[in-house]
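Q: Residue numbers for the sequence shown follow the numbering used here, beginning at 617 and rising by one.
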Amino acid sequence: MKKNSLPSLKTCIILDAIGCLSYVFPILGEVGDIVWAPVSAIIFFFLFGRKLGVFGGMFSFLEEITPGLDFIPTFTIAWFIRKNELGKEGKTVQVPKVIERKAIFR
Numbered sequence: 617m618k619k620n621s622l623p624s625l626k627t628c629i630i631l632d633a634i635g636c637l638s639y640v641f642p643i644l645g646e647v648g649d650i651v652w653a654p655v656s657a658i659i660f661f662f663l664f665g666r667k668l669g670v671f672g673g674m675f676s677f678l679e680e681i682t683p684g685l686d687f688i689p690t691f692t693i694a695w696f697i698r699k700n701e702l703g704k705e706g707k708t709v710q711v712p713k714v715i716e717r718k719a720i721f722r
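1. In whole angstroms, give me the CA-to-CA distance for residue 621 and residue 650.
2. Pull up the CB-CB distance for residue 686 and residue 628, whole angstroms please, since I reckon it's below 8 Å.
3. Report yes or no: do three or more beta-carbon pairs, one from the region 638-648 and one from the region 656-672, lie closer than 8 Å?
4. Let me know the secondary structure DSSP gives residue 673 once reduced to three states.
5. Among 705, 668 and 704, which has the Cα closest to the Cα of residue 690?
6. Does the separation of the CB atoms of residue 694 and residue 673 fall below 7 Å?
7. Candidates 683, 704, 701 and 702: which alpha carbon is nearest residue 643's?
8. Quick one, which of 670, 652 and 705 has its alpha-carbon nearest residue 631's?
9. Which value, in whole angstroms, describes the spacing of the CA atoms of residue 678 and residue 705?
10. With 16 as the cutoff for other CB atoms within 10 Å, does residue 657 come out buried or exposed?
11. Mind checking which residues open and close the alpha helix (DSSP H) that includes residue 655?
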């Protein structure tokens, strides 16, 4: 994905919810995390790309593979980080247009 692109927040929340499914099925879910961890890391890289994608993908992999850490919303946190980055890059200061008013009462 391009550096200036932002995946949808809805997609990030859904991906975080998939990661939390191991809490629904405690023993089976942890086995499922072995499969989900690398898939999550790859999806993370393709959604966020470059520096954030590599770092976040590794973090997402470790978070999913480690028992008990599935509650961390990795994709949603990354969405807010990217949103903040894009806000700083594209931020322009707009000066309000001042309209002169003539005095009605003289």
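Backbone N, C-alpha and C define an ideal beta-carbon position, used for all residues, glycine too. All figures in this text were calculated on a predicted structure; none of them were measured in a lab.
A: Based on what the coordinates show:
1. Within the sequence shown, numbered from 1, the residue matching residue 621 stands at position 5. Within the sequence shown, numbered from 1, the residue matching residue 650 stands at position 34. Those two C-alpha atoms are separated by around 29 Å.
2. As a working mapping, residue 686 is identified with position 70 in the sequence shown. As a working mapping, residue 628 is identified with position 12 in the sequence shown. With 8 Å as the limit, residue 686 and residue 628 do not qualify as a contact, their Cβ atoms being about 15 Å apart.
3. In short, these stretches do not touch, since the Cβ pair count stays below three.
4. For the purposes of this step, residue 673 is taken as the residue at position 57 of the sequence shown. Correct three-state label for residue 673: helix.
5. As a working mapping, residue 690 is identified with position 74 in the sequence shown. Of 705, 668 and 704, the residue nearest in Cα terms is 668.
6. Within the sequence shown, numbered from 1, the residue matching residue 694 stands at position 78. Within the sequence shown, numbered from 1, the residue matching residue 673 stands at position 57. It is not a contact, given that the beta carbons lie outside the stated cut-off.
7. Taking the sequence shown and counting its residues from 1, the one referred to as residue 643 is at position 27. Taking residue 643 as reference, the option from 683, 704, 701 and 702 with the minimal CA-CA separation is 683.
8. Here residue 631 is taken as the residue at index 15 of the sequence shown, counted from 1. When each option's Cα is compared against that of residue 631, the closest is 652.
9. Walking along the sequence shown from the start, residue 678 turns up at place 62. Walking along the sequence shown from the start, residue 705 turns up at place 89. Rounded to the nearest angstrom, the two C-alpha atoms are 30 Å apart.
10. The count along the sequence shown starts at 1 and reaches residue 657 at position 41. If you draw a 10 Å sphere on the C-beta of residue 657, you find 16 or more other C-beta atoms in it, and that means buried.
11. Within the sequence shown, the letter at position 39 stands for residue 655. Unbroken alpha helix (DSSP H) run through residue 655: 642-664.
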